[in-house]
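Written below as structure tokens is the structure these notes are about.
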Amino acid sequence: MIKIHRQTFGKGKPIVLVHGWAMHSGIWKGFAKQLAQNYQVTCVDLPGHGRSEKIDSFTLERISDALVNAVSEESSCWLGWSLGATVVLDIAKRFPDRVNLLVLMAGNPSFTQTEQWPGMNVGLLDAFADKLNEDCQATLIRFLSLQVNSLPDYKTLLRTVKSAVQECDTPDNETLQGGMDILKNADLRPVLSGTSVPVSVILGSRDTLVPVAAGQSMQELAPKITLNIIDKAGHVPFLSHPQDVLAIISRFMDQQCT
């Protein structure tokens, strides 16, 4: 069995936090501890990220298997940020008995833009994938800057994200490219529209990677979801607007798990 790094804080209703592309669970830091004041919070590193063992093929199926096997067998709320949102949707599809709530933060069930669906320009994703082979570190820094771009405290947030990421070695190129492939090609819209699990979507009004229009399209696809737009937040609302995110999660958990 693959070794997945995890840390658990607090007591109460269980929440599993799944980070985004090229990151690791250290990105949650203070946010997870704040959330753990009211819930049992487990932070996991994706395979090949942070302190988790690498898998031979970085696919959704392999990722989902590894994470589900690494955490408690109880049914939990799974919160995924960015690429992590794609992962938790896949977990809900493959392991429905292990998921009682879903929180999709700065995530998009179909990440790339098409004529019918708002998302990130596929050309920009392709450019990132190409640049990874040339200068991995510079590409990651550019990607990080996009995640906090246009926010008033841009420099402070970028330092925070950089510091968290640099606590661990950068994932290898094969793992990073696998994550890019998932973002480019995965389409979890059928899962979102078909799930019976309550879903809360949290987006930032200034997110340059997942536009607000994606949230509106998700709500049209799955009218029962709860859509939350945080004003003046970007792609990392749990860093820029932690109190707003905590309030949204608490309200969702308390409404659904009474």
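Remember, our numbering sits 1346 above the position in the sequence shown when you count from 1.
Cβ atoms here follow ideal geometry from the backbone N, Cα and C, with glycine treated the same way.
Everything numeric in this text was worked out from a predicted model, so none of it was measured.
Rounded separation between residue i and residue j - CA only
i, j, result
"PRO1360", "GLY1372", "19 Å"
"LYS1570", "LEU1486", "36 Å"
"PHE1598", "SER1546", "7 Å"
"VAL1434", "LEU1534", "10 Å"
"TRP1463", "ASP1515", "35 Å"
Backbone secondary structure at residue i - three-state DSSP
i, result
"THR1604", "Residue placement at THR1604 is poorly supported in this model, since its pLDDT is 48, which falls under 50; the coordinates are not used for a value here."
"GLY1580", "coil"
"LEU1555", "coil"
"CYS1482", "helix"
"PHE1377", "helix"
"SER1422", "strand"
"PHE1474", "helix"
"GLN1353", "strand"
"GLY1526", "Checking the sequence shown, residue 1526 turns out to be Met, not Gly. Helix."
"VAL1414", "helix"
"ASN1519", "helix"
heavy atom of the ligand NAP below 7 Å from residue i C-beta
i, result
"ASP1443", "Absent from the structure shown: the ligand NAP. Ligands present: none."
Reference residue i; option with closest CA among the options
i, options, result
"THR1554", "GLY1540, ILE1548 and ALA1579", "ALA1579"
"MET1339", "SER1551, ARG1444, PHE1404 and LEU1435", "Nothing can be reported for residue 1339, as the shown portion of the chain is limited to 1347 through 1604."
"SER1421", "ILE1437, ASN1479 and LEU1406", "ILE1437"
"HIS1395", "ASP1518, ALA1560 and ILE1594", "ASP1518"
Same chain only: Cβ atoms within 8 Å of residue i, ignoring 5 sequence neighbours per side
i, result
"PRO1588", "GLY1376, PHE1377 and GLN1380"
"LEU1529", "TRP1367, LEU1429, THR1432, PHE1457, THR1458, MET1466 and LEU1471"
Nonlocal neighbours in the same chain, by C-beta distance under 7 Å from residue i, ignoring five residues either side
i, result
"PHE1612", "The structure shown does not extend to residue 1612, since the chain is modelled only from 1347 through 1604, so no value can be given for it."
"ALA1416", "ILE1350, ARG1352 and VAL1390"
Residues near residue i in its chain [Cβ-Cβ closer than 6 Å; skip 5 each side]
i, result
"GLY1550", "ILE1576, ALA1579, GLY1580 and PRO1583"
"ALA1412", "ILE1348, ILE1350 and PRO1393"
Can you find at least 3 beta carbon pairs, one from the region 1519-1534 and one from the region 1559-1571, that sit closer than 8 Å? no
Does the region 1348-1362 come within contact of the region 1386-1401, defined as at least 3 CB pairs closer than 8 Å? yes
Answer yes if the region 1472-1484 comes into contact with the region 1442-1456, meaning at least three C-beta pairs across the two stretches below 8 Å, and no otherwise. no
Given 8 Å, three or more beta-carbon pairs between the region 1537-1546 and the region 1490-1508: no
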